[in-house]
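Undergrad: In terms of this note's numbering, the sequence shown has 1581 at position 235, counting the first letter as 1, and numbering is strictly consecutive. Where is the CB? At the ideal position from N, CA and C, for every residue including glycine. Handing you this structure, nothing more for now.
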Amino acid sequence: MRNYLILFSFVLLLNGCGAIDYYFLTPPDDTAQELFENARGFMQDKEYAEAADSLTKLNDRYPFSPYATEARLMLADAYALDSKYLEAVDAYEEFLNMHPRHESIDYVLFQIGVNKYNSHRSIDLPHTQLGEAVESFRRLVSGYPKSIYREQALDYIVKCRKLMAEHEMFVADFYFKSGSYNAAWTRYVYIIDNFPELEEIVQMAKSKSKVAYYYAQEKDNDTVRHPSKLKQYLDWL
């Protein structure tokens, strides 16, 4: 009987320890596979922030797991699909640096360009991201001529360069309207020299450059004091 009581007490003690573990001890971390499967499920459900959270944990805890490479690329995709374009660019560029010979590098270059393009917000802001997007697209076009993303990359190059030219035109027009005719003329000439393939914009820049040059040369003469004499030049205003 005594032995039975001792055995019964021991069983209760073990059960108690299990309860203590359950309620008071930190549960074990998810495995790399569990985190990856969770992230994949979140991606399918379009819960991109949750997917990014799982993938970040996977990369931090298990950087050398069999899932790590795919997880890094999926993390970049999650940011892109969640419209977090700059975070996506950083993630894609990190993947590019870590896996330069990966079979999906053409896709990565394409996504870097697309997300830099998408991060450009307004015509009145600097076009640094657009210029970098063009570089990424050109790297794809030249390095991967058989890529399925090549034609789209070429289209994006045109769109990026058009936005860049429109920004330069915006700045040139601002200088002109502010009376800084030399600065305006310089910007118009820059458009003519650097965006020759954009014929419509170049023609507009040529017309405006003539007016800006005239005003710069004749700023103090009678023509400026009586601008009606330049009406034929100013129809574009």
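Hey, is the stretch 1501-1520 in contact with the stretch 1469-1478, meaning 3+ C-beta pairs nearer than 8 Å?
TA: These segments touch.
Undergrad: Any idea what DSSP makes of residue 1413, helix, strand or coil?
TA: In this structure, residue 1413 counts as coil in the three-state DSSP scheme.
Undergrad: Using 8 Å as the Cβ pair cut-off and three pairs as the minimum, do the stretch 1518-1530 and the stretch 1472-1483 touch?
TA: Too few Cβ pairs lie closer than 8 Å, so no.
Undergrad: When you compare the CB positions of residue 1456 and residue 1417, do they come within less than 9 Å of one another, or not?
TA: No, the pair does not count as a contact, with Cβ atoms beyond the cut-off.
Undergrad: Out of 1421, 1548, 1405, 1442, point me to the one whose CA is closest to residue 1393's CA.
TA: Residue 1421 is the option with its Cα nearest to residue 1393.
Undergrad: Could you tell me the distance, in whole angstroms, from the CA atom of residue 1413 to the CA atom of residue 1429?
TA: Near 24 Å, if we compare the C-alpha coordinates of residue 1429 and residue 1413.
Undergrad: Between the Cα of residue 1486 and those of 1386, 1501, 1376, spot the shortest distance and give me the residue it belongs to.
TA: Residue 1486 has its Cα closest to that of 1501, out of 1386, 1501, 1376.
Undergrad: Using 8 Å for Cβ pairs, my map puts residue 1459 next to residue 1499. What's the rounded Cβ distance?
TA: Between residue 1499 and residue 1459 the Cβ distance is about 7 Å, and since that is below 8 Å, they are a contact.
Undergrad: Note down, in chain order, each residue of its chain lying with its Cβ closer than 6 Å to the Cβ of residue 1563, except the 5 sequence neighbours on either side.
TA: Around residue 1563: no qualifying Cβ.
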